[in-house]
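Each remark here refers to the structure printed beneath this line.
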Amino acid sequence: MADNSEMPGCIHMPVPEGLEADADVAAINENPANGHFITSAGPDDGSDGENDEFEPIELAVAIKKRWKNGRTLRVKFINGSDRLKGKVRQYSIIWSQYANIKFKFVDSGDAEIRINTNPNYRDNSRAHWSFVGTDSLTAPPGEPTMNFGMFDENTEDGEFRRVILHEFGHALGCHHEHQSPAAKAIWNEQLVIDAMRKAHGWLPERVRRNILDPYNNADTFNTKLDPKSIMGYTFPASWTKNRVVFSPGNNLSEMDKRFIARIYPGAALDIEFFNTLELRPWNKPEKEASKRQQFSKTYKSPPSLAVGLNWLDLSKNFNIRVKAFADNVTNSSADFHLDTWSDSIIHSAGCTWFRKPSDDKEFQIGKFNTLEDHSWKTPKAKTSHQVKFKHPYQKAPKVVVWLNHLDFAKGKDWRIKATATDITATGFKLNLDSWSDTVVYSAGAAWIAYPADRDGLASGTFSTLDVRPASQPKLLTRGIERFPRGTFKRNPKVLIAFNSIDADCHKNLRVKLGASSVSPRGMRWHINSWADSPLKSAGVSYIAFNS
1 MADNSEMPGC IHMPVPEGLE ADADVAAINE NPANGHFITS AGPDDGSDGE NDEFEPIELA
61 VAIKKRWKNG RTLRVKFING SDRLKGKVRQ YSIIWSQYAN IKFKFVDSGD AEIRINTNPN
121 YRDNSRAHWS FVGTDSLTAP PGEPTMNFGM FDENTEDGEF RRVILHEFGH ALGCHHEHQS
181 PAAKAIWNEQ LVIDAMRKAH GWLPERVRRN ILDPYNNADT FNTKLDPKSI MGYTFPASWT
241 KNRVVFSPGN NLSEMDKRFI ARIYPGAALD IEFFNTLELR PWNKPEKEAS KRQQFSKTYK
301 SPPSLAVGLN WLDLSKNFNI RVKAFADNVT NSSADFHLDT WSDSIIHSAG CTWFRKPSDD
361 KEFQIGKFNT LEDHSWKTPK AKTSHQVKFK HPYQKAPKVV VWLNHLDFAK GKDWRIKATA
421 TDITATGFKL NLDSWSDTVV YSAGAAWIAY PADRDGLASG TFSTLDVRPA SQPKLLTRGI
481 ERFPRGTFKR NPKVLIAFNS IDADCHKNLR VKLGASSVSP RGMRWHINSW ADSPLKSAGV
541 SYIAFNS
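Per full-length UniProt numbering, residue 1 is the first one in the sequence shown, and the count goes up by one each step.
Structure follows, in structure tokens:
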């Protein structure tokens, strides 16, 4: 068996008790993308591989803990020898060679990363550890967010490099690779617990949290196992019944480098989503939430906007009421809103939007609400509206439909589907339909139309029903959507929002959307719920285009 210096010694530092909701707010306020995940498959190389683009990306990273892309993170030493400080400066910046993140070492003032090296500083100081990503923002002011407690005058240079890279990987938002859901290790639990107690004095609870328990698939981007990842540890083969082998060195693996470059790409991402968690924690609901969003460019005149819902967490104890919309639109910005009304409670909600320049006549967008057809006091199961294009097309266009407004009665399952049918060159029928005993007081949808033969553009729909029936509800559902061959030569931008929902009214309505491994050939989609709210079904409409 390995000696103690080679045994795992890194502790995953959890968010302080009671601050979990605040950690979510801090993360999404720091980087709104933490509340809306769509990730590329890899370099824009136009790879023609049949399946490689749809492999989940390497390394496990917390979805909600990434720093803002391009951020400069301040690093301050609480204490430490000149030798150790020099090693940290030397090796931490290796991450910056591949990630669009910089580290600035400061001697005074506040810092996002605060390092302790004194093993007697606190009870947990005799170990290496770090908060994961933006969780460090929840640490008490002046207290460490990173700890190096196992170095001494005999520590070799390779060990400095390995541990420093590992802990700064945590600081960037990466989890332990051996706890990735992709590892699928079957542990000899008692053997591991006994070994870690002997090596480091760890109690069983700490061993489970830091080695044995896999992370929730809903909380990580992960891939096929990367046994060489710097975020893993070398274990004796006897620790796993299925002989899962980890062989990390003291440097970033090739997968580590590619992965962190995708999480923090060289170019800043254009933000086209909003989540209430940017403003407040889920356990402090309010009726209204809005933000002013700057566009990535200034238009000659205000663009038109189609807004769609892509994240819902509403209380089952009241009617389900939520609406997403934009107003005060100028040439360079707009206000985006996620609101409820009456006694309804939104714990959190999210939306995305598509911008149409006013001088682009090929795109046409609009919206419809059942309140334009009938009063909420006289609900109907099915409502149809005939849309007439302001500018007729030469032939039937493509039409994308997104739900943007819901008002369901409580006590009946929540079911709605938005579709575009009877599409011609001059218009289409927009349908907002429910079924069974669902009561829809009102519902609304946005639509986007464009020429079917327009280059560099793809759209479509996918649903949990593509991979499982509604009678088998699950928390996590994923599948693959392929784009028409030859449409894209580089990774496109993808916008996704709901077009249908079928959820149990006895649980809170919880569902969120995501996409990973977006490549020129397609993407892997995710429709997830959480807590005690397994989802019957949900459907999505997407539009993908060259950004």
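Where is the CB? At the ideal position from N, CA and C, for every residue including glycine.
query                                                                                                                                                                             : result
Tell me whether the beta-carbon of residue 592 lies closer than 8 angstroms to the beta-carbon of Thr145.                                                                         : What is shown of the chain runs 1 to 547, which leaves residue 592 out entirely.
If you pair each beta-carbon of the stretch 305-316 with each one of the stretch 62-80, do three or more pairs fall below 8 angstroms?                                            : no
Can you tell me where the alpha helix (DSSP H) holding Leu165 begins and where it ends?                                                                                           : Asp157 to Ala171
Within 8 angstroms, do at least three Cβ pairs link the stretch 189-206 to the stretch 160-173?                                                                                   : no
Do Phe354 and Ser290 have their CB atoms nearer than 8 angstroms?                                                                                                                 : no
How close, in whole Å, do the beta carbons of residue 556 and Thr240 come, if the pair is a contact with beta carbons under 8 angstroms?                                          : Look at the range of the chain in this structure, 1 to 547, and you will see that residue 556 is not part of it.
Within 10 angstroms of the Cβ of Gln179, are there 16 or more other Cβ atoms? Answer buried if so, exposed if not.                                                                : buried
Could you spell out where the alpha helix (DSSP H) holding Glu189 opens and where it closes?                                                                                      : Glu189 to His200
With the cut-off set at 8 angstroms, would you say Pro492 and Pro451 are in Cβ contact?                                                                                           : no
Alpha carbon to alpha carbon, how far is Ala139 from Ser547?                                                                                                                      : 38 angstroms
So, is Lys316 buried or exposed, given that buried needs 16 or more other C-beta atoms within 10 angstroms?                                                                       : buried
Decide if Arg521 is buried, meaning its Cβ has at least 16 other Cβ atoms within 10 Å, or exposed.                                                                                : buried
To the nearest angstrom, report how far apart Ser253 and Ser471 are at their CA atoms.                                                                                            : 43 angstroms
How is Ile93 classed by DSSP in three states: helix, strand or coil?                                                                                                              : coil
Less than 8 angstroms separating the beta-carbons of Val132 and His166?                                                                                                           : no
Between the alpha carbons of Val61 and Gly173, how many angstroms are there, rounded?                                                                                             : With a pLDDT of 46 at Val61, under the threshold of 50, the modelled position of this residue cannot be trusted, and the question is left open.
Helix, strand or coil: how does DSSP classify His178 here?                                                                                                                        : helix
Once the 5 residues before and after Glu50 are set aside, which same chain residues still bring their CB inside 7 angstroms of it?                                                : Any reading at Glu50 is ruled out, since the residue's pLDDT is 42, under 50, leaving its predicted position unreliable.
Is Asn499 helix, strand or coil when you go by DSSP?                                                                                                                              : strand
What span of residues does the alpha helix (DSSP H) with Phe336 cover, start to end?                                                                                              : Here Phe336 belongs to no alpha helix (DSSP H); instead the beta strand (DSSP E) covers Ser333 to Asp339.
Contact between the stretch 398-412 and the stretch 442-460: three or more CB pairs below 8 angstroms?                                                                            : yes
Alpha carbon to alpha carbon, how far is Gly366 from Ile527? Give it in angstroms, no decimals.                                                                                   : 26 angstroms
Which same chain residues, not among the five before or five after Ile11, have their C-beta less than 6 angstroms away from its C-beta?                                           : Ala127, Trp129 and Asn210
Taking its Cβ as the centre, do 16 or more other Cβ atoms sit within 10 Å of Pro141, making it buried, or is it exposed?                                                          : exposed
Following the continuous beta strand (DSSP E) through residue 579, name the residue where it begins and the one where it ends.                                                    : Residue 579 cannot be examined here, being either before or after the span of the chain that is shown, 1 to 547.
Given that a residue counts as buried once 16 or more other Cβ atoms are within 10 Å of its Cβ, and exposed if not, what is residue 548?                                          : Not covered by the structure: residue 548. The range shown for the chain is 1 to 547.
First and last residue of the alpha helix (DSSP H) that includes Ala26?                                                                                                           : Glu20 to Glu30
Excluding the five sequence neighbours on either side, which residues of its own chain have a C-beta within less than 7 angstroms of the C-beta of Gly427, listed in chain order? : Gln386, Val387, Lys388 and Phe389
Tell me, to the nearest whole angstrom, how far the beta carbon of Pro281 is from that of Asp466; I am working on the premise that it is less than 8 angstroms.                   : Contact flag wrong, Cβ pair sits at about 34 angstroms.
Spatial neighbours of residue 548 within its chain, please: CB distance less than 8 angstroms, with the 5 preceding and 5 following residues excluded, ordered by chain position. : Any answer about residue 548 is impossible in this case: the structure gives the chain only from 1 up to 547.
State buried or exposed for Ser529, treating a residue as buried only when at least 16 other CB atoms are found within 10 Å of its CB.                                            : buried
Would you call Pro56 buried or exposed, if buried means 16 or more other Cβ atoms sit within 10 Å of its Cβ?                                                                      : Low confidence applies to Pro56: its pLDDT is 45, below 50, so where it sits in the model is not reliable, and the reading given next is rough at best. Counting Cβ neighbours within 10 Å, Pro56 comes out buried, since at least 16 surround it.
Given that a residue counts as buried once 16 or more other Cβ atoms are within 10 Å of its Cβ, and exposed if not, what is Arg321?                                               : buried
In chain order, what residues of the same chain lie with their CB nearer than 7 angstroms to the CB of Val192, ignoring the 5 residues before and after it?                       : Val207, Ile211, Leu212 and Trp239
Using the Cα positions of Phe246 and Asn29, report the straight-line distance between them to the nearest angstrom.                                                               : 35 angstroms
From the DSSP secondary-structure annotation, give me the bridge partner or partners of Phe246.                                                                                   : Partner(s): none; Phe246 has no beta bridge.
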